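Chains as they are written, first to last, in our numbering: chain A, -8 to 304; chain B, 9 to 257. Below is one structure, written out as structure tokens, with a few remarks after it.
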Ligand SMILES: Nc1ncnc2c1ncn2[C@@H]1O[C@H](COP(=O)(O)OP(=O)(O)O)[C@@H](O)[C@H]1O
Ligand SMILES: [Mg+2]
């Protein structure tokens, strides 16, 4: 049943990829940049949803892994003198390790308490980055990170982002559909029952947290490619809040929900913050509207809408 | 096979289980009976590691399993169903059982093979055995209460257990569902050779399928014996069966 759903959706996925591949041919540089930002932000939100939507873990401060991935990559490139490509491995791996460490500390706590402690520890990471001026550049961040030629042009960075995002999204999808993913969703639904069928729930969740951290880190690395900069706000808690809203808005039970949510939020952020300085207020209103009117997100709503149509026929 | 000795557990000073003892031999069907609040569910929680006992010992197949976490208990061959329905609400009926089978096959660390290709035959066989095949692809949240109770058992069977604990398996079922459920339990014993420990309110069911019975009142074991022993035991009648003088028949 699952594989047939996948086969039915595959043509759409391929069509979307082809359109995305053609974007630089007819879109302005700015829109290509914006699309790249949407893609990598969507990947970040999807990696959050891996543990939030599918794992039921209250990962409230996911931006930390995005930031660690970005800083890991930028620092590796600017400070080590080794091949810049190595930076794209170091960043995500560092994020995975931080994800594992924070996970180990928080996993004993249940749900909301997990989220609270995670926010504190994440803010600690942010504070270290913010204060450690000599190493991280403090609140200035790092600018003009030198990149390999092939990905330093506007189109090069776009295609790199598109390919890495597509591959990452595919890997995460496979993981959700794997036995590991089945067990993870079982734990989300019912942790006690999961343990009673022989699943070591905490250990499964720890691996999930590392994986989520890793792909959050991949998204951060991609930001370095697209924007050439890193700055501490990348791991500030407000971005984490935005990521959660993306998941809720797009639909945290649909695989592509967070990607759709990311597109909406990034576009709004780009255009609204041009008009008003009250972005946080707008965000709050969106959050409330989603909770009241679209509890299953945009895709959840569409899904139900389509099913109803089919049934009425 | 299972040896429980003087197990105790209290909640805020209230002794929910107090010096309970129980033994189950391989191949037996043993019932635990007792009034509501006697501590039957708590006893099952202690055996399966959902709760940790304050004192006492649980030995399974010669191995001390006292206080092991549930997943360890399960991996040693003990599965259970819950009194309050406890399934995976967002998964389909099939997936509910499949995840249990996958877990027993130690596949939960497999990150890349699609689940849709694994454990299909075995999961379908279990669904067929318990009679849930027609609603295989429905979501478990949409099931009737009786169906969900059966799904409870099916999930437990996914672990291919040697020892099965059923907490009020027929509670809330319609008479037909109850009959089918009793048949199922009998088959599990006879065809699959599973040793069963269960608790149940309906005395007729208890007497019809149990080899032995343990009576629990206020957390303690009052008597453990054959159906006849229990039927005629004065203490049981006083404490539980309503205090009539005659032997129950
Ligand atoms: N988690 C708990 N916290 C506090 N009290 C509990 C808890 N679980 C059970 N109890 C109490 O322990 C007693 C035994 O409950 P239980 O084992 O569910 O009985 P039974 O299954 O025989 O009806 C009851 O009085 C119940 O209120
Ligand atoms: Mg009970």
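Where is the CB? At the ideal position from N, CA and C, for every residue including glycine. Being a predicted model, the structure only gives us computed values, none of them experimental.
Among the options, which has the Cα closest to the Cα of residue i?
i	options	result
residue 13 of chain A	A:146, A:169, A:266	A:146
residue 172 of chain A	A:264, A:1, A:286, A:246	A:246
residue 70 of chain B	B:9, B:16, B:208, B:95	B:9
residue 94 of chain A	A:0, A:53, A:129, A:134	A:53
residue 28 of chain B	B:19, B:68, B:20, B:40	B:40
residue 147 of chain B	B:76, B:116, B:95, B:182	B:95
residue 178 of chain A	B:103, B:214, B:37	B:103
residue 13 of chain B	B:51, B:45, B:36, B:43	B:51
residue 128 of chain A	A:251, A:148, A:223	A:223
residue 55 of chain A	A:42, A:72, A:112	A:112
residue 150 of chain A	A:16, A:72, A:162, A:266	A:16
residue 105 of chain A	A:70, A:200, A:141, A:262	A:200
residue 220 of chain B	B:37, B:241, B:178, B:74	B:37
residue 139 of chain B	B:122, B:124, B:157	B:157
residue 89 of chain B	B:211, B:227, B:163, B:17	B:163
residue 313 of chain A	A:256, A:284, A:283, A:285	No answer is possible for residue 313 of chain A: it lies beyond the span of chain A, which begins at -8 and ends at 304.
residue 175 of chain B	B:208, B:181, B:186, B:188	B:208
residue 120 of chain B	A:75, A:220, A:165	A:165
residue 19 of chain B	B:194, B:30, B:154, B:62	B:62
Specify, as a first and last residue, the run of the beta strand (DSSP E) that residue i falls within.
i	result
residue 36 of chain A	No beta strand (DSSP E) holds residue 36 of chain A; the alpha helix (DSSP H) holding it covers 20 to 43.
residue 222 of chain B	220 to 225
residue 207 of chain B	203 to 207
residue 40 of chain B	37 to 41
residue 14 of chain B	10 to 19
residue 232 of chain B	228 to 234
Is residue i a contact residue of ligand 1, with contact defined as CB to any heavy atom under 8 angstroms?
i	result
residue 6 of chain B	Nothing can be reported for residue 6 of chain B: it is not among the residues displayed for chain B, which extend from 9 to 257.
residue 219 of chain A	no
residue 132 of chain B	no
residue 214 of chain A	no
residue 2 of chain B	Any property of residue 2 of chain B remains undetermined from this structure, which presents chain B solely from 9 to 257.
residue 50 of chain A	no
residue 90 of chain B	no
residue 227 of chain A	no
residue 334 of chain A	A question about residue 334 of chain A goes unanswered here, because the residues of chain A that appear run from -8 up to 304.
residue 66 of chain B	no
residue 227 of chain B	yes
residue 224 of chain A	no
residue 93 of chain B	no
residue 22 of chain B	yes
residue 12 of chain B	no
residue 105 of chain B	no
residue 214 of chain B	no
residue 25 of chain B	yes
residue 19 of chain B	yes
Using 8 angstroms as the cut-off, classify the Cβ of residue i as near or not near the heavy atoms of ligand 2, replying yes or no.
i	result
residue 175 of chain B	yes
residue 207 of chain B	yes
residue 49 of chain B	yes
residue 44 of chain B	yes
Residue range of the alpha helix (DSSP H) that residue i falls in?
i	result
residue 26 of chain B	Here residue 26 of chain B belongs to no alpha helix (DSSP H); instead the beta strand (DSSP E) covers 22 to 32.
residue 185 of chain B	183 to 198
residue 66 of chain A	54 to 70
residue 183 of chain A	182 to 187
residue 175 of chain B	Element bounds for residue 175 of chain B: not the alpha helix (DSSP H) but the beta strand (DSSP E), 171 to 175.
residue 48 of chain A	Taken as a continuous stretch (DSSP letters only), residue 48 of chain A belongs to no alpha helix (DSSP H), as it is neither H nor E.
residue 150 of chain B	Per DSSP, residue 150 of chain B belongs to no alpha helix (DSSP H) and is neither H nor E.
residue 53 of chain B	48 to 55
residue 216 of chain B	211 to 217
residue 129 of chain B	128 to 138
Should residue i go down as buried or exposed, given a rule of 16 or more other Cβ atoms within 10 Å for buried?
i	result
residue 297 of chain A	exposed
residue 185 of chain A	buried
residue 116 of chain B	buried
residue 34 of chain B	exposed
residue 290 of chain A	buried
residue 170 of chain A	buried
residue 42 of chain A	buried
residue 82 of chain B	buried
residue 169 of chain B	buried
residue 142 of chain B	exposed
Run down chain D in chain order and give the residues with a C-beta less than 8 angstroms from the C-beta of residue i.
i	result
residue 163 of chain B	The structure shown contains no chain D; the protein chains it does contain are A and B.
Length at least 4, wholly inside the region 192 to 273 of chain A: the alpha helix (DSSP H) runs in chain order: 192 to 218, 228 to 241, 248 to 266
Runs of alpha helix (DSSP H) lying entirely within the region 62 to 110 of chain B, each at least 4 residues, in chain order: 78 to 83
Those runs of the alpha helix (DSSP H) which lie wholly inside the region 74 to 149 of chain A and span at least 4 residues: 75 to 97, 102 to 122, 124 to 127
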